[in-house]
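Engineer:
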Amino acid sequence: MAGHSDPAFDTLALHAGAAPDPATGARAVPIHLSTSFVFENSEHAASLFNMERAGHVYSRISNPTNAVLEERIAALEGGVGAIATASGQAALHLAIATLAGAGSHIVASSALYGGSHNLLHYTLARFGIATTFVTPRDLNAWKNAIRPDTKLLFGETLGNPGLDVLDIPQVSAIAHDAGVPLLVDSTFTTPWLMKPFDLGADLVYHSATKFLSGHGTIVGGLLVDAGAFDWSASARFPELTQPYSGFHGMVFAEESTTAPFLLRARREGLRDFGACMSPHTAWLILQGIETLPLRMERHVANTRKVVQFLAQHAMVRSVAYPELESHPDHALAKQLLPRGCGAVFSFDIKGSRAQGKAFIEALKIFSHLANVGDCRSLVIHPASTTHFRMDDAALASAGIGPGTIRLSIGLEDADDLIDDLGRALKAAQKAGP
Amino acid sequence: MNLELNGHGAYAYTGGKPFDPSLPGVTFVHGALHDHSVWILQSRHLAHHGRAVLALDLPAHGRSAGAPLGVEEAGRWVAAAVEASGLRGTALVGHSMGSLIALEAAARLGARASALVMVGCAYPMKVSPKLLELCQRDALAAIDLVNTLSNSTRAAKPSHPGPGFSIHGSNRALMRRTQRGYGAGNLFLADFSACDAYAGLEAAAARLACPVTLVLGALDQMTLPQAAAPIVAALKPRVVTLPAGHNLMAEAPDGVLDAIGQALGPQPAR
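Residue numbers (my numbering), protein chains in the order written: chain G, 645 to 1077; chain X, 309 to 578.
Here it is, written out as structure tokens:
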């Protein structure tokens, strides 16, 4: 049956969801900066509002440029569809708010981005949604934490900042045995390094701010549904299996066999919470995705060289990168991440807090800021920035020490990056007692 | 709506409206490895415009129990579902394998069938022996192949069931789920074998009492437009050709709806 195969990843990254504009012939995706879209007549308007016809009404709900991005990430992940959101945090919130309400419970990895930890531990608790945090590689802890009111298991493909590799096949099996979906933050890996749906995850979200856009120019998020979870078979999700009075009594699981989650997320969460993406942002993310395979390959290649340099340096106590045999998830990484473990990792510098400060301030190519996944190389001290709200115990649980430094390796010449790090480590050494 | 047919539970989506059998009916029949949800836009629209809609899940598909049926048996089953629903009359709309089943049902219903719309249809609907062999060896690979052949583009707009959905990904997920949902055998093999084996066009045509509309995809690689010639000759249908592949309801949802609407005639008074 040769001759009939799906396009490969690199081709989908350029073409999925897009075709030359039928109105103008524009080859690149047009930016549809329009709030609203004209109805053909009153009947057409009513049909669009009642989901009898497909189309765009208002850009908070959908937009033609955003739709190309949504279809493209769905194609790259192997999902049934996606929703573009104002940020990665908005994508996480949309996923949770679609499934959970007051009295609901989430089981989450303890190795999370600080912002996600804040949302779960502090903010959602205020709205009656409780979270139990578990060590991601403790499979029994995942299983034992599930309760009758649990709506979601949640972790990061590579935990922040210690790069704990989430054992998605095992954790998703635990989730599915309990009738619960697994949501995965795939920001650090992107679909080029890992396709979580192929491993058993049900929902994926990205901070598209990072590698997907890739240039440090926008803030955006993407929520993708595999379409594989059987919401009707689980008694935990009346939001999807019972009539929803907020949309004409629609029973989402009857309307769509594979995508009731996305239907409700768009028809309720995006409509009511309103954390939508600007079409201009969507366009910039599309530009980034078009070169994602090339960039990720270079990101990983540069990272391997930098990791090798740091791992052998006298001023470095440890490097947390799963491709190193010293990493506790080395074997799992080889299994789940054969293309590489991304371009964000942390290492611990020897010496005092002052020496750590001297290191960061001596860097010239690396930018000291709160972001990752830029084409430029970045550095940050998590304990005093991204994770500063966590106490020492929580920091330790997340694998963060007071001397931990996180790097995001960019696309510069790797030798220049190594020179920059070498100079800064020398400066740190000189700043010591 | 849940029905009881032949001792098994049967499910029909009613378009998001309570089912009123006193209204003129429209009965939708899905194709191989599909279920009612492929008709979500068309069925929902008609249910909200004065029609009693039955978008069926065939036996062994979606929410309907029982074993998979051949085309003639499934036609009897659909006619029985119409009877059990209380509909006095109905139009029948089918896609691919479902279009052959709808033809058989319409022939059995006689004057109670007001119209027949066959979407993405060919006759005979022969299936490549290599595909049948592949589905026995690797059903997921066979699903991927059929999915690739079913979609003419990765960028059909405004997408289905709405913006932001991947038609390609949705169709694959639905076929995988439907295949997985039937635990007693290889549903892919059963469905495609049923298509391959059907030889009842001429006999059904002799009993058919309603006008026929044939909706074809100009870019269809599963049921090539020219492969509908025997249907045109036997049924003398109105032919509507849309710029879409085999997955017509998703790639050209409004075109399919408009073709169905023309076949049904004026909207009933509400």
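Glycine is no exception: its CB is placed at the ideal position from the N, C-alpha and C atoms.
Can you tell me whether V682(G) is buried or exposed, with buried defined as 16 or more other CB within 10 angstroms of its CB?
Structural biologist: So V682(G) ends up on the exposed side.
Engineer: Grouping DSSP H, G and I as helix and E and B as strand, with all else coil, what is H468(X)?
Structural biologist: Coil.
Engineer: Using 10 angstroms around the beta-carbon of G647(G), count the other beta-carbons present and answer buried if the total reaches 16, otherwise exposed.
Structural biologist: Residue placement at G647(G) is poorly supported in this model, since its pLDDT is 47, which falls under 50; the coordinates still yield a value, given next. Classification of G647(G): exposed, given that the 10 Å Cβ count is below 16.
Engineer: Does DSSP classify G844(G) as helix, strand or coil?
Structural biologist: Coil, per DSSP.
Engineer: To the nearest whole angstrom, what separates the beta carbons of G323(X) and R352(X), a pair I think is in contact under 8 Å?
Structural biologist: That pair is a contact at about 5 Å.
Engineer: Whose Cβ in chain G lies nearer than 9 Å to the Cβ of Y321(X)?
Structural biologist: Within 9 Å Cβ-Cβ: E898, E899.
Engineer: I727(G) CB to nearest chain X CB: under 8 Å?
Structural biologist: Yes - at least one Cβ of chain X is within 8 Å of the one on I727(G).
Engineer: Any residues in the stretch 698 to 728 of chain G with a beta carbon nearer than 8 Å to a beta carbon of chain X? Which ones, in chain order?
Structural biologist: Against chain X - using a Cβ distance shorter than 8 Å - the residues of the stretch 698 to 728 of chain G are A698, G699, H700, S706, N707, P708, N710, A711, V712, E714, E715, A718, A719, G722, G723, V724, G725, A726, I727, A728.
Engineer: Could you tell me whether any Cβ in chain G is nearer than 8 Å to the Cβ of A560(X)?
Structural biologist: Closer than 8 Å: no.
Engineer: Can you give me, in chain order, the residues of the stretch 495 to 528 of chain X that have a beta carbon less than 9 Å from any beta carbon in chain G?
Structural biologist: Result list empty, no residue passes.
Engineer: Should the stretch 1017 to 1027 of chain G be regarded as contacting the stretch 846 to 858 of chain G, the criterion being three or more beta carbon pairs within less than 8 Å?
Structural biologist: In short, these stretches touch, since the Cβ pair count reaches three.
Engineer: So what's N694(G) in DSSP terms, helix, strand or just coil?
Structural biologist: Three-state DSSP puts N694(G) in coil, outside helix and strand.
Engineer: Restricting to Cα atoms, I'd like to know which of Q570(X), C503(X), P545(X), K325(X) is closest to Y431(X).
Structural biologist: That would be C503(X), whose Cα lies nearest to the Cα of Y431(X).
Engineer: With three or more C-beta pairs closer than 8 Å as the rule, is the stretch 696 to 715 of chain G touching the stretch 468 to 488 of chain X?
Structural biologist: Yes: the two stretches touch, three or more of their Cβ pairs being nearer than 8 Å.
Engineer: Over the uninterrupted alpha helix (DSSP H) stretch that includes V386(X), give me the two end residues.
Structural biologist: Taken as a continuous stretch (DSSP letters only), the alpha helix (DSSP H) holding V386(X) covers 379 to 393.
Engineer: Buried or exposed: where does L313(X) fall if 16 or more other Cβ atoms within 10 Å of its Cβ makes it buried?
Structural biologist: Buried is the call here.
Engineer: Taking only heavy atoms of the ligand HEM into account, decide whether any of them is closer than 7 Å to the Cβ of S1011(G).
Structural biologist: Among the components modelled here there is no ligand, and therefore nothing to report on the ligand HEM.
Engineer: Given this structure, state the Cα-to-Cα distance separating L976(G) from V520(X), to the nearest angstrom.
Structural biologist: Between L976(G) and V520(X), the C-alpha separation is close to 59 Å.
Engineer: Does chain G have any CB closer than 8 Å to the CB of T531(X)?
Structural biologist: Not closer than 8 Å to any Cβ of chain G, the Cβ of T531(X) fails to qualify, so no.
Engineer: If the criterion is Cβ atoms closer than 8 Å, does the pair T729(G) and V673(G) meet it?
Structural biologist: Not closer than 8 Å, so no.
Engineer: Got a sec: which bits of the stretch 348 to 371 of chain X sit with their beta carbon under 7 Å from any beta carbon on chain G, in order along the chain?
Structural biologist: So the list reads I348, L349, R352, H353, H356, G370, given in the order they occur along the chain.
Engineer: Roughly how many angstroms lie between the CA atoms of I717(G) and G984(G), to the nearest whole one?
Structural biologist: Rounded to the nearest angstrom, the two C-alpha atoms are 20 Å apart.
Engineer: Using the C-alpha atoms, what's the distance from Q534(X) back to V751(G)?
Structural biologist: Taking the straight line from one Cα to the other gives about 55 Å.
Engineer: From this set, C920(G), L928(G), L1065(G), which residue's C-alpha is nearest R1050(G)'s C-alpha?
Structural biologist: Nearest option by C-alpha distance: L1065(G).
Engineer: Report yes or no: is there a C-beta of chain G within less than 8 Å of the C-beta of T335(X)?
Structural biologist: Judged by the 8 Å Cβ criterion, T335(X) is not in contact with chain G.
Engineer: How long is the line joining the alpha carbons of D1063(G) and V951(G), rounded to whole angstroms?
Structural biologist: For D1063(G) and V951(G), the distance between alpha carbons rounds to 13 Å.
Engineer: Using 8 Å as the threshold, is the C-beta distance between L907(G) and E898(G) below it?
Structural biologist: In this structure, E898(G) does not lie closer than 8 Å to L907(G) by Cβ.
Engineer: Between A719(G) and G661(G), which are expected to be in contact by the criterion C-beta below 8 Å, what is the C-beta distance as a whole number of angstroms?
Structural biologist: A719(G) to G661(G), Cβ: 7 Å. Contact.
Engineer: Determine, using beta carbons only, whether G477(X) comes closer than 8 Å to chain G.
Structural biologist: Yes, G477(X) lies at the interface with chain G (some Cβ there is under 8 Å from its Cβ).
Engineer: Which of helix, strand or coil does DSSP assign to E312(X)?
Structural biologist: In this structure, E312(X) counts as strand in the three-state DSSP scheme.
Engineer: CB H403(X) to CB G477(X), shorter than 8 Å?
Structural biologist: No, the pair does not count as a contact, with Cβ atoms beyond the cut-off.
Engineer: CB L341(X) to CB L495(X), shorter than 8 Å?
Structural biologist: The answer is yes: Cβ separation under 8 Å.
Engineer: Please report the straight-line C-alpha distance between Q444(X) and G374(X), rounded to a whole angstrom.
Structural biologist: Q444(X) and G374(X): Cα-Cα distance of roughly 21 Å.
Engineer: From the DSSP output, which residues share a beta bridge with Y702(G)?
Structural biologist: DSSP output for Y702(G) lists S680(G) as bridge partner(s).
Engineer: Where does the unbroken alpha helix (DSSP H) through D304(X) begin, and where does it stop?
Structural biologist: Residue 304(X) is absent from the model: chain X starts at 309 and stops at 578.
Engineer: Taking only beta-carbon atoms, is L837(G) less than 8 Å away from chain X?
Structural biologist: For L837(G), the answer is no, since every Cβ of chain X falls outside 8 Å of its Cβ.
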